[in-house]
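Trainee: Respectively, the protein sequence lines represent chains A and B. FYI, the numbering for the first sequence is 0 to 96, going by numbering that gives the first Met the number 0. FYI, the numbering for the second sequence is 0 to 199, going by numbering that gives the first Met the number 0. The beta carbon of each residue, even a glycine, is placed where N, CA and C say it ideally should be.
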Amino acid sequence: MLLDLLALALIAVGAFFFVAGTIGLLRFPDTLCRLHALTKADGLGLGLTCLGVALLAGTAGEVVRIVLIWFFVATSSAVCGHLIARHVRRAANAGGR
Amino acid sequence: MPPGTALGTALGPGVDPGQSPARLPDLSGLRPRHPARRALIGALALAGLWAALTGGAAESWVMGAPAVLLGAALILLHPAAPRWRLSLFGALRFAAWFALQSVRGATDVARRALARRLPLAPGCRMFRTALPEGAPRLLFANAITLLPGTLTAEIEGDRLVIHMLDTGADLDGDLAALERRVAALFALPVPGAAATGAAT
Numbered sequence: 000m001l002l003d004l005l006a007l008a009l010i011a012v013g014a015f016f017f018v019a020g021t022i023g024l025l026r027f028p029d030t031l032c033r034l035h036a037l038t039k040a041d042g043l044g045l046g047l048t049c050l051g052v053a054l055l056a057g058t059a060g061e062v063v064r065i066v067l068i069w070f071f072v073a074t075s076s077a078v079c080g081h082l083i084a085r086h087v088r089r090a091a092n093a094g095g096r
Numbered sequence: 000m001p002p003g004t005a006l007g008t009a010l011g012p013g014v015d016p017g018q019s020p021a022r023l024p025d026l027s028g029l030r031p032r033h034p035a036r037r038a039l040i041g042a043l044a045l046a047g048l049w050a051a052l053t054g055g056a057a058e059s060w061v062m063g064a065p066a067v068l069l070g071a072a073l074i075l076l077h078p079a080a081p082r083w084r085l086s087l088f089g090a091l092r093f094a095a096w097f098a099l100q101s102v103r104g105a106t107d108v109a110r111r112a113l114a115r116r117l118p119l120a121p122g123c124r125m126f127r128t129a130l131p132e133g134a135p136r137l138l139f140a141n142a143i144t145l146l147p148g149t150l151t152a153e154i155e156g157d158r159l160v161i162h163m164l165d166t167g168a169d170l171d172g173d174l175a176a177l178e179r180r181v182a183a184l185f186a187l188p189v190p191g192a193a194a195t196g197a198a199t
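1) Restricting to runs no shorter than 3 residues, where is the beta strand (DSSP E) found entirely within the stretch 119–161 of chain B?
2) Once you ignore the five residues that flank R180 (chain B) on each side, which residues in its own chain have a CB closer than 7 Å to its CB?
3) So which residues on chain A does T151 (chain B) lean against when the C-beta distance must stay under 8 Å?
4) Would you list the one or two residues that DSSP bridges to D165 (chain B)?
5) List the endpoints of the continuous alpha helix (DSSP H) containing E58 (chain B).
6) For Q100 (chain B) versus L130 (chain B), is the C-beta spacing smaller than 9 Å?
7) Cβ of W83 (chain B) within 9 Å of Cβ of A183 (chain B)?
8) Candidates B:A72, B:M163, B:G47 and B:G54: which alpha carbon is nearest R36 (chain B)'s?
9) Is the closest heavy atom of the ligand HEM to the C-beta of N92 (chain A) under 8 Å?
10) Quick check on H86 (chain A): buried or exposed, where buried means 16 or more other Cβ atoms within 10 Å of its Cβ?
11) Is the beta carbon of A36 (chain A) sitting closer than 9 Å to the one on A19 (chain A)?
12) Run the CB neighbour count on H81 (chain A), radius 10 Å, all protein chains shown included, and call it buried at 16 or more, exposed below.
13) At a cut of 8 Å, does the stretch 108–119 of chain B reach the stretch 25–33 of chain A through at least three beta carbon pairs?
14) What residues in its chain sit with their C-beta under 7 Å from that of A84 (chain A), if we drop five residues either side in the sequence?
15) Could you please give the first and the last residue of the uninterrupted alpha helix (DSSP H) stretch that includes P81 (chain B)?
16) Can you give the Cα-Cα distance for G54 (chain B) and A77 (chain A), rounded to whole angstroms?
17) In whole angstroms, give me the CA-to-CA distance for A112 (chain B) and I65 (chain A).
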């Protein structure tokens, strides 16, 4: 019961960070600033959601799978963010003559 | 227990040369393992993953065993990456600090996103790192992205282009601290690590 509440709280806070990240994505002025919102806020949102779901998981295998999902999504988000930032900078340099 | 980290020849002071003489700088990383050992370790890791994903169901190995063998064979096609000593204590401390920074970074960006008027003064800065090429430098670049207000936009050798949400923040101080933590994690003493990379 207490564990359920804790899990629920973690997932709710995680969802809050996803929403905040999305608002940043919409409001921030340029691509690089938007990447900040995505990589940081969504990263924490994912971590908290995974933590909450792991608390509710029934078996050790499920926990391992959740950890793997977190790990691969976090890694790919960092790498994607970096690739997008690099592309933006190169495109700006090329376009700026 | 963690070796004193002495970083920052290129970065100014803050050097604390208290490293234990037992493990002095082999800054190019350890020598790669023998290919057969690499493949074996890879196969064991993949088999462990498969068992975790399938819950160890015996019939799943019809698919799993060939996939594991194929994956292990692919490892042999890749050039061996240099290995690094990981300090266990350093890793634990780094993980805890990393989690905390990730919360700080996300809170900071959420606060900015939800503020009535966007408190942004974005811009790019350059930072030269003394960390050796490979895993330490990549971890450094990715950790920067999690810190409040900073994002690694580009890596050019030992120079990192950092995008900042607020260019008024103390970039050099924050990054020098992060660099020391990464060095402690990899048990790097690191005075003048920049000189060891093949490309300078």
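Mentor: Quick look at the numbers:
1) 122–127 and 149–155
2) The beta carbon of R180 (chain B) lies closer than 7 Å to those of F93 and W96 in the same chain, with the five residues before and after it left out.
3) At a beta-carbon threshold of 8 Å, the residues of chain A lying near T151 (chain B) are H81 and A84, ordered along the chain.
4) Paired residues: B:A120.
5) Element bounds for E58 (chain B): n/a, residue is neither H nor E.
6) no
7) no
8) B:A72
9) This structure lacks the ligand HEM; in fact it carries no ligand of any kind.
10) Exposed, because fewer than 16 other Cβ atoms sit within 10 Å of the Cβ of H86 (chain A).
11) Yes, Cβ-Cβ distance for A36 (chain A) and A19 (chain A) is below 9 Å.
12) buried
13) Between the stretch 108–119 of chain B and the stretch 25–33 of chain A, the count of C-beta pairs closer than 8 Å reaches three or more; the two stretches touch.
14) Residues of the same chain with a CB within less than 7 Å of the CB of A84 (chain A), apart from the 5 flanking positions on each side, are L31 and L34 in chain order.
15) Here P81 (chain B) belongs to no alpha helix (DSSP H), and DSSP marks it neither H nor E.
16) 29 Å
17) If you draw a straight line from the Cα of A112 (chain B) to the Cα of I65 (chain A), it is about 29 Å long.
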